[in-house]
Amino acid sequence: MKRFLAILIFTLVSATRLFAQDNDLLLARQYAQNGEQQKALDIYLKLYKQDNELYFQQYLSALLNNKKFDEAESITKKMIKRHAGSNEYVIALGSVYTQQGQADKADAVYSDLIKNLPADQNEISSIAAQFYQNANVDYAIRIFLQGRKVLRNDALFSFELINLYRYKRDKPALTEEYLNFLPSNPSFINQAQSVLATVYEGSQDYEALKFSLFKRIQKDPQQVVYINLLTWQFLQQKEYDQALNQALALSRRTNDDGSSVFELCSTLVANNAFDAAIRGYEYVISKGKENPNYVSAKIEILNTRNLKVTSGKYTQADLLSLEQDYLTLLEEFGRNRGTLFAMEKLATLQAFKLHKLKEAQSLLQAAVNIQGARPNLIATCKLDLGDVYLLNNRPWDATLEYSQVEKDNSAISTAIGQEALFRNAKLAYYMGDFTWSRGQLDVLKAATTQLIANDALNLSLLISDNLAADSTGAALKMYARADLLIFSEQTEKAIKTLDSIGKKYPENGLAADILMAKTKIAMQQQDYANAITLLKQIADKYPDNLWADDAVYMLGDIYENSLSNPDLAKTYYQKIIADYPGSLWLNEARKRFRLLRGDKNSS
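Numbering-wise, the sequence shown is residues -20 to -1, 1 to 583 according to mature numbering (1 follows the signal peptide of the UniProt record, and there is no 0).
Pasting the structure below:
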């Protein structure tokens, strides 16, 4: 019983003492916050005397804050003597010298510690961590490098050094560390690419990486990870042919199935490097029909040729050649769910570029009846069939196709359903039924797809503004006919119709709309100089028009992506941010502006 009472009394006394110490710590911190440093220091001294080890760091920090360097040095040296071999207090002494302005003394202390580093991996990591916690990154790095020598293993501490070099933004050291690390750890190449992309600041950095990679490839030409990293480097520099050359060389050397080349081609297409992508797909196809990527490559090379032809300036011969490529593919593989996408692409080419409406209609009618195909692809074919009916002056058939897709795809809750609803609204607009069209467009303002929401809003406002000025909508009907001609890519007729509006209805309010319609034609023809002139007229003459923010954003996009002029692009993105805070383009403009400015985090 006496023993139990003694233990109970001891526990209560210890708890009381700890409670009192906690109160003292809180009080000391309060004094320090209030600027009463001496009172805080007195409390820390009291606590330090009660328990040297527990309160050493708080007391040392208080001494340094009060510039009592001699006393700080004295207590630290005492702790070093008392705890021989404990590097914590040695590092603390170096910190005292550093804050005192005696860098030479600090370096001497740290250098001695490095010289006598223990041959213990965990201890080395612990010492480096203490330096890092004291914001001394350089010595943390030196500890790890010396640790490699002591332990005679250059592969140790790679992750730690990569993180420290990244923190310091030491690009050469980070690059070399990754190049040493990756051969034994090739699965980390994506991480390396991501990290380097956030640290590198321009072509000079990528050129340095290329130089280092060439040196290493010369010494070790079989090291695949270096060639893959070199390919990535060329992609970052937009040297797409060089990137493909590296991938082709590696594929030939290893005699693989070309999967890496096939995957690279997708990236090339996304960057509009169509010629390089076509060359890559041709290589995969050349490996023969037994190759697992053969069919996919045959499909993708056609899609790429389609993009190349339809996104650039092309001749009739280019279009006919592409049409024949699609027909050849369909002859080789048949018309089935596996080639449905090719049927859809061919029909679009025939309808909008070659104006072969009969052939396009027949192809799409066959496509929508193919069994077992993906519902979304069938829906796309139905929408395209509706477009062909519209171009063929069969609006009732067109609206039946659009409405069927609306019904099957829960119109307002899915992207394809929203597209169907928008096309129906646009059809009514083309036909001059503005009231019904506006009702559908108002529903689409809340569409989850930003592009559709933006287009619906603009068209709704176009109708509202012009009907308010002219209830008959006569000028607007003429403008809608021109819009339909633009949609069907009958550009000469469209321009004549647009130019006639002002002559027939001189008081119309469609000046900015006509400029934007002509801009669409210029963009179809990749006539960027004319498009810029037209867009600047909208932005300068009609800054309050519904097309004004679209015009400014489009100028930024043209300068960034078509004319490679990031400085001018930034100017227009910044104008959206400053002058059009309610624009639907605001978030995208802000994101692009930050990226062009060089912000690492653009969100």
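Using N, Cα and C, we set each Cβ at its ideal position, and we do this for glycine too.
Buried or exposed (CB count within 10 angstroms, at least 16 for buried), residue i
i, result
"residue -9", "Unreliable positioning characterises residue -9 in this predicted model, as indicated by a pLDDT of 39, which lies under 50. A coordinate reading is not provided."
"residue 405", "buried"
"residue 577", "exposed"
"residue -3", "Unreliable placement is indicated for residue -3, whose pLDDT of 43 sits below 50; no coordinate value is reported for it."
"residue 562", "exposed"
"residue 243", "exposed"
"residue 541", "exposed"
"residue 102", "exposed"
"residue 84", "exposed"
"residue 182", "exposed"
"residue 113", "exposed"
"residue 483", "exposed"
"residue 254", "buried"
"residue 67", "buried"
"residue 115", "exposed"
Cut-off 7 Å between Cβ atoms - residues of its own chain near residue i, not counting five sequence neighbours on either side
i, result
"residue 432", "398, 399, 402, 424"
"residue 63", "69"
"residue 454", "485"
"residue 60", "69, 70, 73"
"residue 377", "369"
"residue 554", "573"
"residue 141", "121, 124, 157"
"residue 543", "508"
"residue 198", "none"
Proximity winner among the options, relative to residue i (alpha-carbon distances)
i, options, result
"residue 546", "575, 524, 123", "575"
"residue 503", "205, 290, 191", "290"
"residue 303", "280, 316, 328, 318", "328"
"residue 43", "72, 67, 61, 203", "72"
"residue 270", "123, 238, 256", "238"
"residue 184", "214, 171, 202", "214"
"residue 47", "37, 60, 61, 80", "80"
"residue 408", "549, 379, 227, 198", "379"
"residue 230", "251, 202, 256, 212", "202"
"residue 178", "143, 162, 190", "143"
"residue 282", "123, 293, 316, 245", "245"
"residue 284", "256, 97, 415", "256"
"residue 414", "456, 396, 384, 373", "456"
"residue 286", "318, 252, 272, 315", "252"
"residue 247", "110, 451, 513, 212", "212"
"residue 163", "298, 228, 208", "208"
Beta-carbon proximity list for residue i, same chain, < 6 Å, skipping 5 on both sides
i, result
"residue 478", "462, 494, 497"
"residue 295", "none"
"residue 449", "489"
"residue 382", "366, 400, 403, 404"
"residue 460", "409, 410"
"residue 171", "none"
"residue 570", "557"
"residue 567", "none"
"residue 390", "397"
CB of residue i within 7 Å of CB of residue j, strictly
i, j, result
"residue 515", "residue 531", "yes"
"residue 264", "residue 249", "no"
"residue 154", "residue 146", "yes"
"residue 340", "residue 330", "yes"
"residue 599", "residue 469", "Residue 599 cannot be examined here, being either before or after the span of the chain that is shown, -20 to 583."
"residue 525", "residue 492", "yes"
"residue 169", "residue 205", "yes"
"residue 560", "residue 536", "no"
"residue 309", "residue 260", "no"
"residue 193", "residue 210", "yes"
"residue 186", "residue 217", "yes"
"residue 151", "residue 117", "no"
"residue 509", "residue 499", "no"
"residue 422", "residue 440", "yes"
"residue 556", "residue 533", "yes"
"residue 434", "residue 564", "yes"
"residue 372", "residue 337", "yes"
"residue 353", "residue 307", "no"
Close-in-space but distant-in-sequence residues of the same chain around residue i (CB under 8 Å, 5 per side omitted)
i, result
"residue 324", "344, 347, 357, 360, 361, 364"
"residue 274", "264, 265, 267, 268"
"residue 517", "495"
"residue 156", "192"
"residue 196", "159, 203, 206"
Any chain B beta carbon closer than 7 Å to residue i
i, result
"residue 258", "Absent from the structure: chain B. Only one protein chain is present."
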